[in-house]
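To start, the structure under review is shown below, and the notes come after it.
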Amino acid sequence: MTASAQGAAARTGIRRGLIEFRQQWTNREDLFAQLVFLGLVFGALLFMRGSQLPGTSFSLGSATVPGVLGAGIVFNGLSGIAGTLITDREDGTLLRAKATPHGMLGYLVGKITTFSLTQVAGIVVLLVPALILFDGLAPDGAWSLLHLLWVLALGLIATMPLGAVIGSLLRDSRMMALVMLPMAGLTAISGIFYPITALPAWLQDVGQVFPMYWLGLGMRSSLLPEEAVVAEIGQSWRLPATLGVLLAWAVLGMTLAPVVLRRMARRESGSSVAARRERALQRV
Numbered sequence: 001m002t003a004s005a006q007g008a009a010a011r012t013g014i015r016r017g018l019i020e021f022r023q024q025w026t027n028r029e030d031l032f033a034q035l036v037f038l039g040l041v042f043g044a045l046l047f048m049r050g051s052q053l054p055g056t057s058f059s060l061g062s063a064t065v066p067g068v069l070g071a072g073i074v075f076n077g078l079s080g081i082a083g084t085l086i087t088d089r090e091d092g093t094l095l096r097a098k099a100t101p102h103g104m105l106g107y108l109v110g111k112i113t114t115f116s117l118t119q120v121a122g123i124v125v126l127l128v129p130a131l132i133l134f135d136g137l138a139p140d141g142a143w144s145l146l147h148l149l150w151v152l153a154l155g156l157i158a159t160m161p162l163g164a165v166i167g168s169l170l171r172d173s174r175m176m177a178l179v180m181l182p183m184a185g186l187t188a189i190s191g192i193f194y195p196i197t198a199l200p201a202w203l204q205d206v207g208q209v210f211p212m213y214w215l216g217l218g219m220r221s222s223l224l225p226e227e228a229v230v231a232e233i234g235q236s237w238r239l240p241a242t243l244g245v246l247l248a249w250a251v252l253g254m255t256l257a258p259v260v261l262r263r264m265a266r267r268e269s270g271s272s273v274a275a276r277r278e279r280a281l282q283r284v
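If you count by the UniProt record's numbering, then the sequence shown holds residues 1 to 284, one letter each, in order.
What follows is the structure, given as structure tokens:
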């Protein structure tokens, strides 16, 4: 594939991603579902506003905001991308993309664009009122938000390629439980919603292997005041380690994703799509 062909496919993918994103935020049903979910999350945060982070005088609600943002990146990056790939493979969308010149590249760029914009929009919708209603968030102003941006960018890069790998390996949508159950377990030991120091030392070590812990830590370091660091391991934000671990997961995902996606695309055919539809009809 020439550089000009790659560029054309990427531009097509970006346009497709922008169209899909615009549809999500202009379609009444999709918009209602997203706003209801964000409203429920924000309501839960408000209930925690009167409690305090252990060892500090800082609001537990304020301390939980970064964890909610980090968890959203992980869940959307992993299960969101994986679920979309499975659905598009089952209904023939992926096969149609494969049949067009450089269509797979355009398809992937489009999905990355859509999910990135959706994630950024969700963060903005949640974070703007949180900055108004919760004391102590983003204490350094513009610098805190710039810090948040690099953590967000790394989080997207570290999770979306892995989501594409997972979606390529699963045969159908019924297997998404194999993704959601481990993610629920990782959430429980990641300390993304509460200090990981409350867990046994061996569980802390396991949680720190995965990007969810480091995304939560990076979000907290960008949005919380310095006094909140007392609840962290070693009472440190560990920014170099956050950068290194998220980069390592990003490199792993970007190395595996193209290989796995190419193998998956080669197996796609009209007969395989028809067989999936037949299995789906039998389940109904």
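Just so it is clear, CB atoms sit at the ideal spot from N, CA and C, and this is done for glycine as well. This one's a predicted model, so the numbers in the text were calculated from it and none came from an experiment.
Practice task
Compute the Euclidean distance between the alpha carbons of Leu126 and Ala138, then round it to the nearest angstrom.
Solution key: Taking the straight line from one Cα to the other gives about 14 angstroms.
Handout entry: Minimum length 4: unbroken alpha helix (DSSP H) runs contained in the region 116-195
Key = The qualifying runs are 142-169 and 177-190.
Handout entry: Extent of the continuous alpha helix (DSSP H) to which Ser57 belongs
Key = Following the DSSP letters along the chain, one finds Ser57 in no alpha helix (DSSP H), marked with neither H nor E.
Problem - CA-to-CA distance, Leu217 to Ser79, given in whole angstroms - result: Distance between the alpha carbons of Ser79 and Leu217 is about 21 angstroms.
Handout entry: At least three beta-carbon pairs within less than 8 angstroms, the region 242-256 to the region 145-165
Key = Here the region 242-256 lies against the region 145-165, with 3 or more beta-carbon pairs under 8 angstroms apart.
Handout entry: Residue range of the unbroken alpha helix (DSSP H) whose run includes Val36
Key = Run containing Val36: Arg28 to Phe47, per the alpha helix (DSSP H) assignment.
Handout entry: Identity of the residue in Gln23, Ser59, Leu38 and Glu20 nearest Tyr194 by Cα
Key = Minimum Cα distance to Tyr194 is reached at Ser59.
Handout entry: Beta-carbon proximity of Met104 to Lys98, cut-off 7 angstroms
Key = Contact flag set, yes.
Handout entry: Classification of Asn76 by the beta-carbon crowding that lies within 10 angstroms, buried from 16 upward
Key = Asn76 should be labelled buried.
Practice task
Starting from Gly50, follow the alpha helix (DSSP H) in both directions and report where the run begins and ends.
Solution key: Taken as a continuous stretch (DSSP letters only), Gly50 belongs to no alpha helix (DSSP H), as it is neither H nor E.
Problem - For Thr255, the first and last residue of its enclosing alpha helix (DSSP H) - result: For Thr255, the enclosing alpha helix (DSSP H) stretches over residues Leu239 to Arg267.
Handout entry: Pro66, buried or exposed, once every other Cβ within 10 Å from all chains shown has been counted against 16
Key = The residue in question, Pro66, is buried, as its Cβ has 16 or more Cβ neighbours within 10 Å.
Practice task
Could you pull the start and end residues of the alpha helix (DSSP H) that Trp25 belongs to?
Solution key: Element bounds for Trp25: n/a, residue is neither H nor E.
Practice task
Give me the Cα-Cα distance between Leu31 and Val120, rounded to the nearest whole angstrom.
Solution key: When the Cα atoms are used, Leu31 and Val120 turn out to be separated by approximately 15 angstroms.
Problem - Residue closest to Leu243, alpha-carbon to alpha-carbon, out of Gly141, Leu148, Pro225 and Leu186 - result: Ranking Gly141, Leu148, Pro225 and Leu186 by Cα distance to Leu243 puts Leu148 first.
Handout entry: Residues near Tyr213 in its chain [Cβ-Cβ closer than 8 angstroms; skip 5 each side]
Key = Answer for Tyr213: Ser190, Gly191, Ile192, Ile196 and Gly207, listed in chain order.
Exercise for the section: Entirely within the region 75-109 and at least 4 residues each: give me those alpha helix (DSSP H) ranges in chain order. Expected result: Along the region 75-109, the alpha helix (DSSP H) occurs as fully enclosed runs of 4 or more residues at 81-90 and 93-99, listed in sequence order.
Exercise for the section: Quick one: using the 10 Å Cβ neighbour count with 16 as the cut-off for buried, is Thr100 buried or exposed? Expected result: Burial check for Thr100: the Cβ neighbour count within 10 Å stays below 16, so the residue is exposed.
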